[in-house]
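See below for the structure under consideration.
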Amino acid sequence: MISWSVIYRRFLPQIERCHEYGEQYLTYEEKKTDANIACHILNDAYQDRFDCCYVVSGDSDRVPPLEMVGEYHMDKVIIVAHPPKRKSTELCQIANGRFSICRQRLKDSQLPEGIQSKVLPQIK
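As structure tokens, this is what we get:
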């Protein structure tokens, strides 16, 4: 059975101050994403929920949990798919396999602007 899950980023609002003019402005800060992904990967390996894990990232922060999976669960296969211009040498070194996601592949994989369903109104 093929199963997959997406771990979304979490952004919290934060007030910043412009260094040049002193004005305040609203921005968003990413929180807990690296820790969340690490916990899910380790837990899923421990619970034997996967044989092969695809990690779509070019961030070397993913290395420690993947190294731990490789060390304690040597039967698990780790494949790294790195986004355009985001290749991490460290990630590639610990992976069992790797490939690049090129810009054209991303463009060709986009859903249309709207999706028509028989039971739901058009989704945009």
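Counting in full-length UniProt numbering, the sequence shown runs from 1 upward without gaps. By construction, the Cβ of each residue, glycine as well, lies at the ideal position given by its N, Cα and C atoms.
1) Within this structure, are the beta carbons of D51 and D34 separated by less than 7 Å?
2) What is the DSSP secondary structure of E71, reduced to helix, strand or coil?
3) Go ahead and pull the three-state DSSP assignment for A45.
4) Just confirm the distance between the C-beta atoms of H40 and I94, as a whole number of angstroms; I'd bet it's less than 8 Å.
5) By Cβ distance below 6 Å, which residues in the same chain neighbour V56 in space, the five residues on each side in sequence not counted?
6) Taking all protein chains shown into account, do 16 or more other C-beta atoms lie within 10 angstroms of the C-beta of C65, making it buried, or fewer, making it exposed?
7) Flag this pair as yes or no: are the beta carbons of K87 and G58 separated by less than 7 Å?
Answer, in terms of the structure:
1) For the purposes of this step, residue 51 is identified with residue 51 of the sequence shown, where counting begins at 1. For the purposes of this step, residue 34 is identified with residue 34 of the sequence shown, where counting begins at 1. Not in contact: D51 and D34 (Cβ atoms no closer than 7 Å).
2) Position 71 of the sequence shown, counted from the first residue, corresponds to residue 71. Of the three classes helix, strand and coil, the one that applies to E71 here is helix, per DSSP.
3) The residue given as residue 45 occupies position 45 in the sequence shown. It is helical.
4) On the sequence shown, position 40 is the one that residue 40 refers to. On the sequence shown, position 94 is the one that residue 94 refers to. About 17 Å separates the two Cβ atoms, so there is no contact after all.
5) As a position in the sequence shown, residue 56 is number 56, starting the count at 1. Spatial neighbours of V56 in its own chain (CB-CB distance under 6 Å, excluding positions within 5 residues in sequence) are listed in chain order as A81.
6) Working through the sequence shown from its first residue, we reach residue 65 at position 65. Looking at the sequence provided, one finds Pro at residue 65 rather than Cys. Classification for P65: buried.
7) By 1-based counting over the sequence shown, the position of residue 87 is 87. By 1-based counting over the sequence shown, the position of residue 58 is 58. Yes. Within cutoff.
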